[in-house]
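Peer 1:
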Amino acid sequence: MDPGFFVNYYHNANDGTIQQVDFYLFPVYIFFQDGSFIQYAITPTLQNINFDFSILGLPIAQDQYTYTRQLIQYNTDQSKKYGLSGSYEFGSYYNGTLNSTTASLRFAPIPNIALTASYEHNHFKQVGSEQADLKTHLATGELRLAYNANLLASAFYQYNSYDEKGRWNIRASWQFAPLSFLYIVFNESSFDNSPIQNQSLITKLTYLKQF
C-alpha cells in the first residue's frame, strides 16, 4: 500500500491570479503480488473561469467553481497474455455532476502482437449555463505489430458518439540503419450518414551518416 498526494497549481501569467488548484489524494494505492492494481483517489478542485469556455458544446459561465471528483480504478497484470482494466469516476463537476466509466481489454498472444479494445461512457448532468444533460460514448480499438525491434506497425480506430465521427490512424516505421528511419502514416476521418471523408498520407525519411 503506497498512499500519497499531488498538488497542482496554475496561475495567470499576466496578473498572477489563481486559475486552478487541485489536490490529487490517493489513500488507497495497492499493487498485489499477482501484478494487479487497485486505487481510490479523490480530487478537490478550485477553478476560476474568467474566459469563454465550453465542454463538448456545453458553455460554462465565467465564475469560480469548487468541485470534487472521486475515482475507483482496477487493473490486472498488463504484462500477461490477457489484461483487463476499468475505472469509475464520479462526483461534482463545475455546477453539475459527471459520471465516467471506462473499460479496456488487452490481448497479447505473443510478444510481437498486441490488440486492445476500450470503451468510455460519460454522463453529464445539469452542467453549464444551460443546465444541460449529455451522454457520450467513445469506443477505440488498436493493433500493434512488431516484426522485430526495427520494423513496427500499428492501426488505431476511434468512434465518438458526440460528433458521430470515426477516425483511423495507421502507421509503420522502419529503422533501416542506425538512427535512420522511414515513417509512413495514414489518417482518415468520416462522419455517420455523410459521404465526406478526410484522408491524408504522410511519409518521412531521416538518414544519419556517421563519419
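Its first residue numbered 4, the sequence shown is counted upward by one per residue in my numbering. Every residue, glycine too, gets a C-beta built ideally from N, C-alpha and C. This one's a predicted model, so the numbers in the text were calculated from it and none came from an experiment.
(1) Would you report the Cα separation of GLU216 and HIS14, rounded to the nearest angstrom?
(2) Hey, how far is the Cα of GLN202 from the Cα of TYR97?
(3) Buried or exposed, going by whether 16 or more other CB atoms sit within 10 Å of the CB of VAL130?
(4) What does a CB cutoff of less than 8 Å around SER39 pick up in its chain, not counting 5 residues either side in sequence?
(5) Which of the three DSSP states, helix, strand or coil, is assigned to PHE54?
(6) How close, in whole Å, do the beta carbons of PHE29 and VAL10 come, if the pair is a contact with beta carbons under 8 Å?
(7) Tell me where the beta strand (DSSP E) around PRO215 begins and ends.
(8) Excluding the five sequence neighbours on either side, which residues of its own chain have a C-beta within less than 8 Å of the C-beta of LYS168, listed in chain order?
(9) Which same chain residues end up closer than 7 Å to ASN53 when comparing Cβ atoms and leaving out the 5 residues on each side of it in sequence?
(10) Can you list, in chain order, the residues of its chain whose CB lies under 6 Å from that of LEU185, leaving out five sequence neighbours each side?
Peer 2: The answer reads as follows:
(1) Shown here, the chain extends from 4 to 214; a query on residue 216 therefore has no answer.
(2) 37 Å
(3) buried
(4) TYR77, ASN78, THR79 and ASP80
(5) coil
(6) With a Cβ gap of about 13 Å, PHE29 and VAL10 do not count as contacting.
(7) No answer is possible for residue 215: it lies beyond the span of the chain, which begins at 4 and ends at 214.
(8) TYR162, SER192, SER193, PHE194 and ASP195
(9) GLN65
(10) TRP177 and LEU208
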